[in-house]
Structure formats: C-alpha cells, structure tokens
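Position one of the first sequence corresponds to residue 1323 (our numbering), numbered consecutively onward.
Think of the CB as a built atom: it goes at the ideal place given N, C-alpha and C, for glycine as much as any other residue.
All values derive from a computational prediction rather than experimental measurement.
Here's the structure, in structure tokens; my notes come after.
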Amino acid sequence: MVLDFSSMEGKWQKAWYDARINESEPAPGTKKFFMIFAYPGVTGYLHVGHMRGYTVSDAIVRHKMMTGHRVLFPVGTHATGNGAISFARKVERGDPATMDILRSNGCPDETLDRLTDPVEVVRFFNEVYVNDYWKRFGFMSDWRRFTSTIYPDYTKFIEWQMLKLQAEGLLTQKPYYAPACVEHGPVAIDASETDISRGGDAEMLEYTILKFDFEDGRKLVAATLRPETVFGLTNFWVNPEVEYVDARVGDETWVVSRPAAEKLSLQMDSVEIVGSADGASFMGKRCTAPLTGRAIPIFPSLLCDPDIGTGLVMSVPSDAPVDWIGLVELRRDVEERKKYGITEAMIAEASPIAIIDTPGYGPLPAVEVTERIGIDSLDDERLDEATKEVYKTGFHKGVMNSSCGEFAGWQVEQAKDAVRGQMLDRGHASMFYDLSEVVLCRCGNRVLVKKIPDQWFIDYSNPALKKRSKEHALTMRIFPKEYYDNIQNVLEWYRERACVRLGNWLGTRFPIDRRWIVEAIADSTLYPIHYVTSRFVNEGKVAAENMTEEFFDYVLLGRGTPADVERATGVGQSVLDAIRSEFDYWYPLDVNLGGKEHMTVHFPVFLMNHVAILRPQHWPRGIIVNWYITSTGGKISKSKGGAQPIPDAAERFGVDAMRLFYAHIASLYVDVAWEDGKVESYSDRLERIWSFIGDLVSAEDSGPTDMDAWLAARMQSRLADLEGYMEAYDLRSYANDVFFEMAQDFKWYLKRGGGSAEAILGALRLWIPLMAPVTPHMAEELWERIGMNPFVSTVLLPKAELSEAATVEEKGERLVAALMEDISEILKVTSIRPSKIVLMVAPRWKHDMVGSAVASTDKNIDIGQLIKETMKSAPQEARREIPAFAKEIAMEVSRTPVDERRKAYVAVDELEALGRAKRFFSDQFGCEVHVFSADDPARVDPKGRARHARPGRPAVYVE
RNA sequence: GCGAGGGUAGCCAAGCUCGGUCAAAGGCGACAGACUCAAGAUCUGUUCUCGUAGGGGUUCCCCGGUUCAAAUCCGGGCCCUCGCACCA
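Following this line, the structure appears as structure tokens:
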C-alpha cells in the first residue's frame, strides 16, 4: 500500500466534524433531502456486510449535499426486545463464544463486568456503532440527533404513537396463540435462535382436534392437519403401550396423552387431569367418528407418539400411506392381533374408502403409491416421501368425491376450512396449536404454544388504511422496481399484527395497559420523525417528561394553540415552534433504506403507520431495498472471511476502498459474496487513480491542443450521465463511470496528444468532486493536492451543459477510436507490418444522403425518395452505387428512434478530423498515413477500397 | 404451500423496463509485449471460434412461439436463492 489511507481518513473526518459540515440545519426556501437507513438492532457487533446499505445511504446523501440540498441523515439504534438482555445474560454466565467475540473486538476487561446489565450493553454498543462504524466510515450524519429506542424521549414518542393508533380505531384485542417459555413468557422462534437454545426451525402447526365418542361417554381426541379427510375414516389408532390420561375439559372427559393434556391446558380455559387410561384397554373396541357418525374400530399402533398432537390418531388409509401400511402390517402380524383380540374381519371392515379424486392417481392414492414404490413396512424410510407426495397433490389439486356428502365436488383446499368449520360449529372439534419440533428456551425449559386471551393488535387489515396506503405507495419512489410492484400485494395481504408483548423486555410500556411492552416492530414504524425532536432533547431544550400527548399533537399534527400547549406541557412556545418548523422543513422522509428482510415486515408497517397517523403531506416519499453481502456459500462467518471486526477491515483495506467495493461490486439488488481479494483490488484501483492524478498534475504543460475541447466536452457528457444515474440512486453505474470510465477519458486525452495543464486541471476540478460521494477521504486529499480549499464534500456540482459543438467533438473522437480498432483488426488478420496506411472518407454525396435520411421524421425511411433526391446532386460516376447504398442507409437509420437520430448522426467533417489525427495514427502504427476523400482523384487506392467508405466509417487501404 | 427474485462468456457482474447501435460494459483471472538486474507493481494489447482486409460462424439454462430482427417479448420445462409475521 503506497497510500496511508488510515491517516487520511482520520485527518478528514476530524476536519469535517470540527467544521460541522455534517450537522443539519433547516434553511427554509432551500431544497432538502431527508434519508435514513433502518437502524440496527442492538444484539452485538455488526459485520462488514451491514456496512453496505449504510455506505450506500451516505453516498446518496453526500451526492445530495453536493447538488444543492440541505440534508438530514440521522442515525440511531433499536434496542427493543431481548437482544441486549440475552447478550447480558451470556456475559454474566461467561459464555465462551460471546467472551471470545468481545475480546477479539478489543473490548477491555473492565468493560466486560459492566456488560452484565442490558442497559449497559445498549449503551456500549451505541458507542461502538457510532464511533467504530459510522464515524469511522466518514458518514455525514448529524450526531446531535442520535437516539435509541429505550431512551426516555423515544419512549414518550412511542406512547404517543400508540395513543394515536388507538384514536384511529386501529388497536384491537383478541385471543392469540404464541410460543412461550413456561418460565419466561413469549419467545421468538427464528433460525438465529436469539431467544431459544434449540428448535429454531420449528414451525407452528395448526391442528384440528376431533372428538370421537367412546362407549363409556369419554371422548377419544385425535389431532389432524387434514380435517376434511374425516369422510375416509376407517379406524382409530391408539398406542397400547402408552398410559393416556382422562382430562376434564369443560363438561367433557377427553382421552389424550399426558404431554398433550399439558399443552392443551395452556390453550384452553379449564383442563384438568382426572384419571389415567391404559392404551391397551381400548383395543378392538369402537368409537364414533364425528360428522359421519360411523362407528370405527380401534387398532394398536406403536407409531402414536404421545409428544405429537394428542397421541391418538385417526386413520385414513385411502390418502395416508402410514395408515394404509399400518393396516397391512396389522393384517400380517397375527401375534399382535391375537394379543389384542383383533380379527381379520375387523381389518377387512377398515378397508380404505375413496374420498378424493386426485389427478394422476386412482381412487386410493396411498395404496397406489406404496405399492408402486414397494413399501410394505412402517420401518421403510420412504414412507415420508410417499406421504408428502400424496398429501401435496391431493391437497392442492384434489376434488372431494361423492362419498363426502355435501362437500362432494369441492376443491380439497376449500373443503378443509369448510369441513372444519362445520365440525367446530357442531362441537365435534377444536383448534390446537403445536410446534413441529421440540423447542427449548435459553433457560432450558420447553417452549410451548400458549393462548393469550387478550392480545392487542394493530389492525392493518383496516380497508380504508389499506386503500390509502396502496394508493400512496404508487406515488412513491421505490427501488428496485420489482418491489415497487410487489408492495401492492404485500399491503393487500397484510393482516392484523400483534403489537405488544408480555414478559421481561426492553422497550416502551404500552400506555393503554402498562402490563404490556410495545413490540419491536411496532415501535419502529414512525420513528424517522423522532430525529427531529431528539435533537432538542439531546441539546437539553426539552425534557422527556414534558413530551406529552399535547406536545406531539402540536409539533407533529399541528393541533392546539401554542399558549395552550405551553401551559399543558411546560415547554416554551419558542421551542415548540422551533421543533414544529423543523419538522415541517424536514418531513416527509425522502428515502428509507433497509435490507431485503424488511420487505414484508418493516416497510409495509412503516408506510401504513405514517398514513394512519400523519397528514398526507408528511407521508414518506421513497424506499430503497438493499440485498446482502454474504460469504461464499452462506452468511458471513469467521471461517469464510469477512468476519473481521469492521474497524480492522477498515484498517486493512481502507475505508474508501470498502466504500467503493460496496458501491461498485454489483447492483444493490443482488446478494454479493464478500472476498478479501476483491476489496483489495479496489484498494489497488484507488492507488492507481491516486498516482495517475499525481502524474497528471506534475506533468509539464505542453500547451493547448484540439483535444482540450474534447476533454471538456467529455466531462460534460459524463456529468449528464451521472446525474441520470443518481436520479435513480444507481450508485453502481455512477461509480463505474467515475472510477473506471473517466480515468479512460484522461488516458485517451493524453494518448491523443493532449497535455494542457489548464485543461487537465479544469477537468480534475470536476472529476475529483464527482468521486467525493463514494470515496470522500481520498477526494478531499486530492482536492487539497490540486490546490483547492476544503472541502470537496461541500462543493456544488455544476449542472451538465450539453452543446451541439460538444457532441461533434465526441463524435469526431469516436470516429478516430473506431478507426484505430478497424486498422488493428486488419493488421492482425493480414499480419501486414504496414509501411503505408491510406484512409479515405466517404464522398460528399454519401454524407448528404445520410443527412437527408436523418432529416426525415418518418419512422421508416422512404428509399425511393432517398434515391431520387441523391441522384439529383450526386456526380455521374456515383450513380450506380446509389440504390444499394440508399437501401443500407435507410435500414440503418430506421432502426434508430426518431428523436435520437439527430444526435447519433451528427455531422462531422471527417476529412478535417482525420487530418488532425494523422500524426496520431502515424505514431500508433509506425508508418506513413495519408488521408483522402474517397472521390479524390489523387487518392492512393490500388485495391479499390474507396467504395467501402461510409460516413462514420472511412475506407482503409494498407500496404 | 403462499409470495418474490434469479440462471449471461474461465470467474464476478452489467445489459432485459423502451427487441436492432450486442460477440454482449466493467472488474478479476489468464496470455503476450513494454518497463526492470529480477520479482512485484504499473502501462499496452489479446482473451467464443474460423479468417492474409475491417468479415463469417456459433453463443446469453433448455424447448417452443411472436418478429424482417430476441440475451431482451410470449408460453412451457429444469435448476437456484430469498421472505412468510411478534425476528431486527
């Protein structure tokens, strides 16, 4: 590394923050731009992947700063939930992995002791995020506005938000089933296992439990995922080796497994175990199926697991391979049958009943599939796969047949809900929720599904809210385009969402019932607003306790009079009005950027809460979704690279190189694998640019040339392209032009003999500022080096000026460059070492013909007309060529859209342009070069190449 | 299952919205040359294939279609990734 990136970074960051160019002050009358990225949850150290979205945000914000906007780009942290709590617990018990991470990130021992307190954990990581990540990357954030979701003022803001939702009639209450630890209350089940120690992949299953009347009045209770198959019931399975219990539920007695009784007791009002029931005692007896009223035999099955469902199973051999094979085995196993007194006749009675017409199958899919695969034992591992196959096709494509009473002819998918609904209505069934696998809380206790009878929800299904939100989303600038389209569907499908939770969590007490804590998604929907108020709190102008409902109503909704509000809140009118006018200045939010995980969670509720609570002029204007930096083959991890602490990576690669990596490596809308080598190549690229610019400024001034105008023109057309890219937040194209293409422009300028110090400096005064959004530190350093005053970060980029003359300049150079390639190609193919190159530009009449073709405003050029017109003016000897050439030209021009033709075919004096480039060609190919017009009698053209000359493509003769 | 996105030359990755200007940007890697005592770095050129004239042939997952023309539009198939709710 020839450049000391690290000290450059420190130098400029200090300078920026000392000069406070990052601080956001409203300036009424000027353009403003307000952007945030979704704040990180405080759960530990972040990794280099997280910096992608943050860096892109900063680059966008910096570009806005340089295009005449006041910007507000605040940061904060999300500490709600139990992330910090579980982190503190891990520190407390000295969890080796956690301690290792802390130490390898350089956390001093004396700090470790502090981190057993969740609030200290939040405080600690707030510092880490701000200092080691965001400031370290040179962000233009207004640090005075930092806030965190557990700060008292934030809490007051959330209370207000919940009160507003209630006032809008958007809070509802109803029963809810949620996974919960017996000891610690509700927990989240997710793959990262933040709350739990086992079972992150578990899913919540929705069972229907069906009650079968037994002869003594008890009910045998089976759980099923396919209630519509009751019509195909032939028998009932009970495990003869299990001790079941009698459970008193309401005024009924249910027979279920002991674990099932315990689970049910969490979900039903009164469940009391009153006795036990020996599984074997039911063998060979009968019970009565719900809905059909059929009396079916009870058979033994060791597959009935007391931990799954209720431990009792209903048997549908027509569509469940396991049930069918169970019967097959039982028929075969004379011993077992004898033991429980089950006769062949009873088994025959339990023959499968066809109930579903499944496309591609006969009437009994389970029998068919097991026979086809050759399964005849319950031990066969392929049973699972057979079950999946039958279940999938039957459920999604099947139709209930005539055995299904009133449901005959129904799609199975629809029949499921209808059949269940009927049985629920008649008291034959209940709902029961269970997890698909064993889940253990961090404390070691089982996590089970628990009924919360009075759960609060935010009602996102509210039709008016949904409609307004969808309409507003159509007016927003949402990237990528695919999400702009899809958010309509997301909003459409949104239902009510639980918004508060019980238990020991960090967060805001629910103002309507303080037993609850506002849930982590619900408290981060409207929060961009709070960056306006947080500043006043952090500066001591308002205290959290004064931030009452009246306070927020006044500053955010414009309700009440200053005098009344001052009286009610104790906040002075001048402060109230300062906050209110800042809010009016900065709001609405222009862009909210967040990772793709937010697409179905945060962004929809962010949008809907704004729409629900704020006035329309304050609804958000834009969303950008970013994809992830991953590691090769998965998440960032220690073994695969990219897991080094962010400050270490910054030190190793340089912040600007990392920023360029994030900006340029790929579109923001694809996942990218982190590779150290790639980041290093961006470091190299920056060093090359650095030394290249060094060479440019230290080179001797060789005075003005024709190329100076070209360089200036080129800069303007680059500038115009770049403006377009940033309009769509396309940072990748922007970086590609600035850091790769523009360097090529300078090289071409030099190659073509340019060398004016003034022209170069003029171009650098544009190029270097254009780098600043992406690589601000190096840009500042370069800026200083070419003798400009700091800061390049606050330079106002000019608007691109595109003139006709500039277009001609560029076209002329394109002609030269294209000709270079053509000549090289010819030399390569023919292996000629040239002693002479003759260039012949197309004759006048060909240019004229192109000119009149381009002048036509018709989409399709009239060839006849073109020929006639050209015949009039073209020289006699050209006549024979005219028709064929006219056809070519007409077809070619027709392909170019009418409004682009003028620019694409702008007329260039080729003879003059090549005349100027003669020296250049001669130097490049090391031989003499002659330029003629193709109809110049003096031309040297023994092979008759001249007739190939076309406008934009001169003929070439080499010898 | 529901919903979304994707499969482009050795690798990564643009292009696909608005079909032609696409053998397809850019980067990396590889090869050759320059510089150098040498290595590295840097610079220049080449990098599907054939070709003694700027051209031809075959390509953008597979099959089929629309069109004068398809990487781009339409239909079908195969494969991959992601989100799915109290998890930020």
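For Arg1653, the uninterrupted alpha helix (DSSP H) run begins and ends at 1643 to 1654, by DSSP.
No Cβ-Cβ contact shorter than 8 angstroms links Tyr1805 with Met1930. Taking the Cα positions, Asp1538 is about 48 angstroms away from Glu1841. With a threshold of 16 other beta carbon atoms within 10 Å, Leu2018 meets it and is buried. Only buried fits Trp2032, as 16 or more other CB atoms lie within 10 angstroms of its CB. CA-to-CA, the gap between Glu2126 and Arg1467 works out to about 48 angstroms. No Cβ-Cβ contact shorter than 8 angstroms links Cys1609 with Leu1652.
When DSSP states are grouped into helix, strand and coil, Gly1554 belongs to the helix group. Taking the Cα positions, Asp1523 is about 45 angstroms away from Met2093. Looking at the DSSP output, Thr1469 shares a beta bridge with Gly1398.
A direct Cα-Cα distance of roughly 24 angstroms separates Leu1555 from Lys1661. Looking from the CA of Asp1454, the closest CA among Gly1428, Asp1439, Met1387 belongs to Gly1428. Per DSSP, reduced to three states, the secondary structure at Trp1732 is coil, with no helix or strand assignment. Taking C-alpha positions only, Asp1417 is separated from Arg1411 by approximately 9 angstroms. Rounded to the nearest angstrom, the gap between the Cα atoms of Thr1870 and Cys1821 is 21 angstroms. In the DSSP assignment, Glu1565 falls within the beta strand (DSSP E) that extends over 1565 to 1571. When C-beta atoms of the stretch 1430 to 1439 are compared with those of the stretch 1383 to 1392, fewer than three pairs fall below 8 angstroms, so the two segments do not count as touching.
For Phe1359, same chain residues with a beta-carbon under 7 angstroms away, outside a window of 5 residues either side, are Gly1375, Tyr1376, Ser1379, Leu1915, Gly1916 in chain order.
Two segments are said to touch when three or more pairs of C-beta atoms, one from each, lie closer than 8 angstroms; by this definition the stretch 1613 to 1628 touches the stretch 1570 to 1583.
For the options Asp1645, Ile1678, Leu2236, the alpha carbon positioned closest to that of Trp1732 is the one of Ile1678.
Between the alpha carbons of Val2151 and Glu2234 lies a gap of roughly 29 angstroms. In the same chain as Leu1649, and ignoring 5 residues on each side of it, the C-beta atoms closer than 7 angstroms to its own belong to Pro1639, Ile1669, Ala1672, in chain order. Three or more Cβ pairs closer than 8 angstroms define a contact, and the stretch 2137 to 2150 falls short of that threshold against the stretch 2172 to 2189. With respect to the 8 angstroms criterion, Trp1941 and Pro1910 are classified as neighbours on the basis of their beta carbons. It is roughly 53 angstroms from the alpha-carbon of Phe2247 to the alpha-carbon of Val1913.
Note on geometry: alpha-carbon atoms of Val1593 and Leu1586 lie some 7 angstroms from one another. Boundaries of the alpha helix (DSSP H) harbouring Trp1482: 1474 to 1489, taken from the DSSP string. Here Val1413 has Thr1420, Met1421, Leu1424, Leu1434, Leu1437, Thr1438, Val1443 as same chain residues with Cβ atoms under 8 angstroms from its own Cβ, once five neighbours each way along the sequence are excluded. According to DSSP, Asp1679 shares a beta bridge with Val1721. Burial is judged here by how many other beta carbons sit within 10 angstroms of a residue's own beta carbon; Trp1815 has fewer than 16 and is exposed. Nearest to Arg1817 by alpha-carbon distance, out of Met2110, Ile1480, Pro1926, is Pro1926.
Ile1774 and Gly1507 have their alpha carbons spaced roughly 10 angstroms apart. Annotation for Gln1939: no beta strand (DSSP E) segment contains it, and DSSP assigns it neither H nor E. For Arg1608, the uninterrupted beta strand (DSSP E) run begins and ends at 1608 to 1610, by DSSP. Looking at the DSSP output, Asp1535 bridges to Lys1541, Thr1610. Counted as a single uninterrupted DSSP element, the alpha helix (DSSP H) harbouring Arg2107 occupies residues 2098 to 2107.
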